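Data first, discussion second: the structure below is written as structure tokens.
Chains as they are written, first to last, in my numbering: chain A, 900 to 1237; chain B, 900 to 1237; chain C, 900 to 1237; chain D, 900 to 1237.
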């Protein structure tokens, strides 16, 4: 029996990738596309690449109708919009993987300060599980509501967590220098995302003020058992998909060997199918259209440098969402993701 | 003494390129930037690349004020908006190079059908000169109002005109297969010009229905002295600047030699500084950021194939506009363009 | 039971894509990678993206050893090299899908003239089947040796064949204006394929002299039952994967309706899972990393214009090779390709 | 009177940019192109974009002949090759701007360790001046031999030097996270620079081991008057031209204001025509094809973060070389560079 999947907010890039990946999933099937547009498009009219792949017309966001058609919902709405619909969906008994930021930050005050909006669903926030399977698989398996992590926070957490756990790096002074392809900024056209403005360009943005910084800190603090602070510096890359993070950390003790760093990484990911610990430098190209996160490390100039590469649309969004779904339904977490 | 230059509509890509090129022009100086925005930006606030290059704040579009500050106006407004301002500018005695389509088509009915708007300035239309210097330099020198050609029509005319003049090709059945970089579509963000939609893509658009088709036909008809018809098929290229046209024509007589075709091209452009007749295949790369149009030809498969490459922002727009200005003011046409 | 697959020449782009797609195929498994390199690499050393996807070290090209390990061979060697190995592979009883040009042209003299080398395996050439499933599925099902079509010829044949069959277009004067991403030129670095030489460029190459021109003509001649001649004009696109062909044809009768053209296309492809007849213009983006070929048509300027888009690495190479394998082994031709 | 310029090693990218920029220089003229190739090409055969721009055939590297034809030489050979020719050129009385690394590092032992070759011209090394005009203009004016800085070191020095001079940042623990376009790696095709390998990719390389690291340290040490150590982490960007460096530093005193950092930058560059201190984030796009270096700063997360953007081919190579030539000949340093 297939898991029946609904997607709320089906006209953005994360939904597009969910539909593509789920079309290959042996035990899941997209049955309902729920849009709040007035003119409800056929999904292949919206995304011509889905012609012959997904033959569904969008329908209204009607929780009871969705509950009849589906077992799980991927909510691909932007933050604030998501928490307006998620409670109704949960009430019907549906499981929910929410790809927005609405259920990621456990500290409501922090959420409200960072996202500049009131949290409208504190009840469900309290029971939401942060959906990073490599760290929280046990909780995800039992969850009704999974908050799918942000793209940048996924790579940062996978790169840094093992070293914090192993007590190799200091919890302060961590610099996460990151670069992302343009799909990470969504599908709505904007002046700074207009083709000629991005192409042949490269620039930092929101350094020190990006909303993913507190999310990274929350995860690493949970892992380290002490307060972790990072300086997060994102850059916009002239590519479609992919994130590379180059993360600079101070060793706890004056000197640490590269071997010790690799030991920590390899031990952490020995049984993780989607994290590849690599000797060579990662390249976003090597993980494009895969659910892998590649990590590598160097000890140089008195710092520990960790590199983490992922596809922001897959391990950084839709692939990880499916990985979470697999866990929530007791399936092998790799199903449909190879 | 420098020519004092005003630019109306200074916040688009053609204006940006005018400002960059004019900053290097030894006998011209931008003195006035006229915008219809409510909030008038400093031009380096709008285009950070112009910091230290052009230190002008935008001002209102005020014809008398412009006439005091300038000798010539480059009008970079979109069609329909242009013809609302050009008459007032001409009335003050200013010379005008209009980069919109409003004064290109001499047949008013055709203009109105193609651009779906009434022509509001028939008087000046009658005296406007089509600003393709390689074909109409004598008239341009005497013109008060020059209609700067479209980007695609420039390459098409330069590629085909010599062969029509030499009587080598049939005036019908001409196929202009064209591809352009994205700056040709302007600076306003649109869904189809959003970075991830263009990058790694390539597609035709408006085949048989593009507004540049009648403009191409008008020029070639004038040159040939008989009715010329073309099938114009534009494509969108994932690059910033550049146009390549691959043009298929039937020889008038069953057979024609490549040598005869090259003779016609070389004769036409022997004294033209901006058209390079090349033995090898043109590449848009070779003309990027230059005012050159490269042309080459092959005779194969019973057809004459001409290739023409230009930078849509330079020879296809702002560079050609400066070339026209040079001619209108009695200067060497290459001034500031090398 | 899985089909056991060997790949000869595993370090090029077509092999990379075969390995990626076969990793998802439910009834096939790569068991042997045969390379003629002296230093035999592990495939994930050669292609880091295959780490965790394919855990095979390359082995020598040893026909008996391959025959023990595999049921079918994909030969990814360049032309001339392929026909040195294919006979030995066939002799062991293996089925072979050859991705080179060595078995595509049935006229040996033509092959030798076009590829400037003697044909070394005329015996098997005579029994080879041209592997374009939409046209020759019945023969492919029974074939021991399939010559996988060239990338450009696949799109050209799929776009033009239905119109020739329907008697709508003239067999002469056909212009195939084509553009391909860079993977089509292989994995060996060359000056003209160096990143800065391709990026932001676009140019024609080998117009009238490309080796795929006779291959296109052979297929269309077979389909039309009369001699078909095309003018083939390829261009190099600054993208990785994708081909778009814009094909200009003269209607047999003075006038033809767009509807009649679409009727012919839709009839031809009603039951073909991998050809999508589209109303809108195709875009290479819509077929990237899929085995689809998208076709559309316009009647304009006295011509029939057909557009065909495919991924040169998938429907134009490795995907089609798997489609052929599926047919040769009696499987559903879409298996592993969705 | 024009400065007569020779270029040794005219077939690489730095030479191409020198020729393009010098074609616009009002007081300099390229008179001699000296190549060590056996087949000496016409420069427009080698670079079709130079057709109609530079009409010179390459000649042998013959010091006396060069001395007759030129006043100054730009040496564009790779390291090791450069120092084989520079002594002979200097002996004829020619001034030399060397774009290789051979005369950059004043510590011979360090040079030999880093470049893994013996230094063959210690005599001239001792008198060479490091050609970063914003720091060493006085010495450059009197120099016979200028070592043109590396691309990465130029941006790093311009971004960091003012803060070290102002005593705001610690001399250790400096992290230079850098990204460069592909022209920085030269014009020779290599597997890792093949178009499909770079396009849609992004990766670090040589982290902690790049040859520009000691060059950066040398300049900053000279400026600071104390030993400065950096961790240099370069990345390869899928663009043609441009470098962005994001530089993380620890403040000397616990806290420093962003205002103090900007004061230091603005004071340092108040009279420097080619460094633009910007409030907004730099983008490589804003400096492409210009000799500008844009710098900006943030104080966040306990660090001072400086951003520096330049075109690696202009301020990072050929433009800076011309700036140096201007100074060596007593001209305004901006001549030909606007």
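The beta carbon of each residue, even a glycine, is placed where N, CA and C say it ideally should be.
None of the values given here were measured: they were computed from a predicted structure.
query: For residue 1127 (chain B), which residues in chain C fall below 8 Å Cβ to Cβ?
result: Within the second chain, residue 1127 (chain B) is the residue found at index 228, counting from 1. Result: empty, since nearest Cβ-Cβ is about 12 Å, beyond 8 Å.
task: Could you run through the stretch 1129-1153 of chain D and flag, in chain order, every residue whose CB is less than 9 Å away from some CB of chain C?
output: Answer set for the stretch 1129-1153 of chain D: 1137, 1138, 1139 and 1140.
- prompt: Taking the Cβ atom as the reference point for each residue, do residue 1040 (chain C) and residue 1234 (chain C) lie within a distance shorter than 7 Å?
  reply: The residue you call residue 1040 (chain C) lines up with position 141 of the third chain. The residue you call residue 1234 (chain C) lines up with position 335 of the third chain. Cβ distance not < 7 Å, so residue 1040 (chain C) and residue 1234 (chain C) don't count as in contact.
Pairwise C-alpha distance: residue 921 (chain D) and residue 1067 (chain A): Counted from its first residue, the first chain places residue 1067 (chain A) at position 168. Counted from its first residue, the fourth chain places residue 921 (chain D) at position 22. Using only the alpha carbons, I get a separation of about 54 Å.
query: residue 1104 (chain B) versus chain C: which residues are under 7 Å apart at the beta carbon?
result: Numbered from its first residue, the second chain carries residue 1104 (chain B) at position 205. Going along chain C in sequence order, the residues near residue 1104 (chain B) (Cβ under 7 Å) are 1180.
task: Give a yes or no on contact between the stretch 1193-1200 of chain A and the stretch 1149-1166 of chain A, applying the rule of three or more CB pairs nearer than 8 Å.
output: Yes, they touch.
- prompt: Exposed or buried, residue 1096 (chain A), counting other C-beta atoms within 10 Å across all chains shown (16 or more means buried)?
  reply: Here residue 1096 (chain A) corresponds to residue number 197 of the first chain, with the count starting at 1. Residue 1096 (chain A) comes out buried.
field: Status (buried if at least 16 other CB within 10 Å, exposed otherwise) for residue 1217 (chain A)
entry: Locating residue 1217 (chain A) in the first chain gives position 318, where the first residue counts as 1. The residue is buried, with at least 16 neighbouring Cβ atoms inside 10 Å.
message: If the cut-off is 7 Å on Cβ atoms, which residues from the stretch 1053-1083 of chain B count as contacting chain C, listed in chain order?
response: Contacts with chain C (Cβ-Cβ distance below 7 Å) from the stretch 1053-1083 of chain B involve 1072, 1074, 1076 and 1078, listed in chain order.
message: Which residues of the stretch 1086-1111 of chain C have a Cβ closer than 9 Å to any Cβ of chain D? Give them in chain order.
response: Those residues of the stretch 1086-1111 of chain C that come within reach of chain D (Cβ to Cβ, closer than 9 Å) are 1086, 1087, 1088, 1089, 1090, 1091, 1092, 1093, 1094, 1095, 1096, 1097, 1098 and 1099.
- prompt: Taking the continuous alpha helix (DSSP H) assigned at residue 982 (chain C), which residues delimit it?
  reply: Against the third chain, residue 982 (chain C) aligns to sequence position 83. Counting along the chain, the alpha helix (DSSP H) containing residue 982 (chain C) begins and ends at 981-990.
query: If you run the structure through DSSP and keep just helix, strand and coil, what is residue 1142 (chain C)?
result: The residue you call residue 1142 (chain C) lines up with position 243 of the third chain. In the three-state reduction of the DSSP assignment, residue 1142 (chain C) falls in the strand class, which pools E and B.
message: With distance defined between alpha-carbon atoms, name the residue in D:903, D:911, D:1082 and D:983 nearest to residue 924 (chain D).
response: Position 25 of the fourth chain holds residue 924 (chain D). Nearest of D:903, D:911, D:1082 and D:983 to residue 924 (chain D), Cα basis: D:903.
query: What does residue 1231 (chain A) touch in chain C if you count any residue whose Cβ is under 8 Å from its own?
result: In the first chain, counting from the first residue as 1, residue 1231 (chain A) sits at position 332. Proximity of chain C to residue 1231 (chain A) at the Cβ level (cut-off 8 Å) is not reached, the minimal Cβ distance being about 15 Å.
task: Could you check the C-alpha separation between residue 1229 (chain D) and residue 1135 (chain D) for me, to the nearest Å?
output: On the fourth chain, residue 1229 (chain D) is found 330 positions in, with the first residue counted as 1. On the fourth chain, residue 1135 (chain D) is found 236 positions in, with the first residue counted as 1. So the alpha carbons of these two residues sit roughly 37 Å apart.
- prompt: At what residues does the alpha helix (DSSP H) containing residue 1162 (chain A) begin and finish?
  reply: Working through the first chain from its first residue, we reach residue 1162 (chain A) at position 263. Element bounds for residue 1162 (chain A): 1157-1168.
- prompt: Quick one: does residue 1175 (chain D) have its CB under 7 Å from some CB of chain B?
  reply: Residue numbering aside, residue 1175 (chain D) sits at position 276 when the fourth chain is read from its first letter. Using a Cβ-Cβ cut-off of 7 Å, residue 1175 (chain D) counts as an interface residue toward chain B, since at least one Cβ of chain B sits closer than that to its own.
- request: Taking residue 1214 (chain A) and residue 1173 (chain A) to be in contact with their CB atoms under 8 Å, please state how far apart those CB atoms are, rounded to whole angstroms.
  value: Mapped onto the first chain, residue 1214 (chain A) falls at position 315. Mapped onto the first chain, residue 1173 (chain A) falls at position 274. Indeed they touch by this definition, with Cβ atoms about 6 Å apart.
field: Where residue 1204 (chain B) meets chain C, residues with beta-carbon distance less than 8 Å
entry: In the second chain, the residue the question calls residue 1204 (chain B) occupies position 305. Here the neighbours are 1106, 1107, 1130 and 1132.
query: In chain order, which alpha helix (DSSP H) runs of at least 4 residues are fully inside the stretch 1035-1111 of chain A?
result: Here the runs fully enclosed are 1050-1064 and 1094-1097.
- request: Measure from the C-beta of residue 1200 (chain B) to each C-beta in chain F and report whether the shortest distance is under 7 Å.
  value: Absent here is chain F; the protein component of the structure consists of chains A, B, C and D.
message: Quick check: what's the CA-CA separation for residue 1059 (chain C) versus residue 1077 (chain B)?
response: Position 160 of the third chain, counting from 1, holds the residue named residue 1059 (chain C). Position 178 of the second chain, counting from 1, holds the residue named residue 1077 (chain B). Rounded to the nearest angstrom, the two C-alpha atoms are 21 Å apart.
Length at least 3, wholly inside the stretch 1158-1228 of chain B: the beta strand (DSSP E) runs in chain order: DSSP runs (the beta strand (DSSP E)) wholly in the stretch 1158-1228 of chain B: 1174-1176, 1192-1199 and 1202-1209.
message: Taking CB distances under 7 Å as the criterion, tell me whether residue 1184 (chain B) reaches chain C.
response: Residue 1184 (chain B) sits at position 285 when you count from the first residue of the second chain. Using a Cβ-Cβ cut-off of 7 Å, residue 1184 (chain B) counts as an interface residue toward chain C, since at least one Cβ of chain C sits closer than that to its own.
message: Against chain B, does residue 1012 (chain C) count as a neighbour if the rule is that its beta carbon must be under 7 Å from one of theirs?
response: Taking the first residue of the third chain as 1, we reach residue 1012 (chain C) at position 113. It does not: the Cβ of residue 1012 (chain C) has no partner Cβ on chain B nearer than 7 Å.
message: Does the CB of residue 1197 (chain C) have a neighbour CB from chain B at under 7 Å?
response: Along the third chain, one-based indexing puts residue 1197 (chain C) at 298. Output row for residue 1197 (chain C): interface = yes.
- request: Name, please, each residue of chain D whose Cβ falls closer than 7 Å to the Cβ of residue 1187 (chain A).
  value: Translated into the one-based positions of the first chain, residue 1187 (chain A) becomes position 288. Within chain D, the residues 1099 have their CB atoms less than 7 Å from the CB of residue 1187 (chain A), given in chain order.
query: Rounded C-beta distance between residue 1116 (chain C) and residue 1128 (chain C)? I'm assuming under 8 Å.
result: Start at 1 with the first residue of the third chain, and residue 1116 (chain C) comes out as number 217. Start at 1 with the first residue of the third chain, and residue 1128 (chain C) comes out as number 229. Yes, residue 1116 (chain C) and residue 1128 (chain C) are in contact; Cβ-Cβ is about 6 Å, under 8 Å.
- prompt: Does the pairing of the stretch 960-973 of chain B with the stretch 1010-1024 of chain B give three or more beta-carbon distances under 8 Å?
  reply: Result no; under three Cβ-Cβ pairs closer than 8 Å.
- prompt: Any idea what DSSP makes of residue 1033 (chain C), helix, strand or coil?
  reply: Taking the first residue of the third chain as 1, we reach residue 1033 (chain C) at position 134. In the structure shown, residue 1033 (chain C) adopts helical secondary structure according to DSSP, grouped into three states.
query: In this structure, what does DSSP give as the bridge partners for residue 997 (chain A)?
result: Counting from 1 along the first chain, the entry for residue 997 (chain A) is found at position 98. According to DSSP, residue pairing for residue 997 (chain A) in a beta bridge involves A:974 and A:1046.
field: Where residue 1237 (chain D) falls, given that 16 or more other Cβ within 10 Å makes a residue buried
entry: Looking up residue 1237 (chain D) in the fourth chain gives position 338. In this structure residue 1237 (chain D) is exposed. Its beta-carbon is surrounded by fewer than 16 other beta-carbon atoms within 10 angstroms.
message: Using a 10 Å radius around the Cβ and a threshold of 16 neighbouring Cβ atoms, would you call residue 1231 (chain B) buried or exposed?
response: For the purposes of this step, residue 1231 (chain B) is taken as residue 332 along the second chain, with counting starting at 1. Counting other Cβ atoms within 10 Å of its Cβ, residue 1231 (chain B) stays below 16 and is therefore classed as exposed.
task: Taking only beta-carbon positions, decide if residue 951 (chain D) is within less than 7 Å of chain B.
output: Reading the fourth chain from its first residue, position 52 is the one you call residue 951 (chain D). Chain B contact via Cβ: present.
Chain-ordered chain B contacts of residue 922 (chain D) [CB-CB under 9 Å]: Along the fourth chain, one-based indexing puts residue 922 (chain D) at 23. Those are 1237, listed as they occur along chain B.
task: Please look up how many angstroms separate the CB atoms of residue 1186 (chain A) and residue 1208 (chain A), rounded, as I've assumed it's under 8 Å.
output: The sequence position of residue 1186 (chain A) within the first chain is 287, counting from 1. The sequence position of residue 1208 (chain A) within the first chain is 309, counting from 1. Cβ-Cβ separation between residue 1186 (chain A) and residue 1208 (chain A): approximately 5 Å, consistent with a contact (criterion under 8 Å).
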